[in-house]
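A.B. asks: After the structure tokens below, expect a handful of questions from me.
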Amino acid sequence: NTAYGFFAGLNVTTGIYNTLVGGQAGDALTDADYNVAIGGLALSSDTQGSNSVAVGYRALTTQNHSSATTANNTAVGTNAGASLTDGQHNVFLGHGAGTAHTTGDYSIYIGRDAGYHATPMTTGSYNILIGAFTDGDAVDTGAMIVMGYNVTSVGGSNFTFGNNGTDSNIAFGATSITA
């Protein structure tokens, strides 16, 4: 383990191959392996989640697996994935990307405040949101793809794309696009 910063890696007991840099980065980890936390309060609540990458102030700050779990979450950016508690296999890239996402698996949020703008996504799995200020239609929608700038999905199992209110949509399995 490598730890540098005020209380970085403070509680690591049996965890191995963790890299923790920044004030309180990974400070709650005890028996967790292969994590990277760079930035103040990055990955600062997790005790036993492994294989996560948190880069940026408060990235994955509330992730907390209380039993040995291969979390496989990646968050890069200030507050990226900051509210995630026990989700797995998620990616949050950009300032505030997925900030409200608490649970749910296999989601990708890319862009400033993706999933955290008009309708903060708190749960839901299998979502892909790409672009600044992209949102779901409800806090718990799953299986949607949203792309563009300031675009809100019309619902689960839909692909919504556009630019700042000029959006188009196609339902999964459909053959035509609606505007």
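Every letter in the sequence shown is one number past the one before it in this note's numbering, and letter 58, counting from 1, is 772. For each residue, glycine too, the CB sits at the ideal point set by N, CA and C. Note that this is a predicted model, so its numbers are computed, not measured.
#1: Indicate whether ALA808 and ARG826 have their beta-carbon atoms separated by less than 7 Å.
#2: So, is TYR731 buried or exposed, given that buried needs 16 or more other C-beta atoms within 10 angstroms?
#3: Confirm, please, whether the CB-CB distance from ASP745 to GLY729 is below 7 Å.
#4: Bridge partners for GLY876 per DSSP, in chain order?
#5: My guess is that THR816 and THR799 are in contact by the Cβ rule of under 8 Å, so how many angstroms apart are they, rounded?
#6: Going by DSSP in three states, ASP849 sits in which element: helix, strand or coil?
#7: Report the rounded CA-to-CA distance for ASN883 versus ILE822, giving the unit in angstroms.
#8: Quick check: what's the CA-CA separation for SER758 versus GLY879?
C.D. replies: Reading from the atomic positions:
#1: Reading off the sequence shown, one finds Gly at residue 808, where the question assumed Ala. Between GLY808 and ARG826, the C-beta spacing is below 7 Å.
#2: Label assigned to TYR731: exposed.
#3: Taking the C-beta atoms as reference points, ASP745 is found nearer than 7 Å to GLY729.
#4: DSSP, once it has assigned bridges, lists GLY862 and ASP881 as partnering GLY876.
#5: Contact flag correct, Cβ pair sits at about 5 Å.
#6: Here ASP849 sits in strand by DSSP.
#7: Between ASN883 and ILE822, the alpha-carbon positions lie close to 19 Å from each other.
#8: The alpha-carbon atoms of SER758 and GLY879 are separated by roughly 37 Å.
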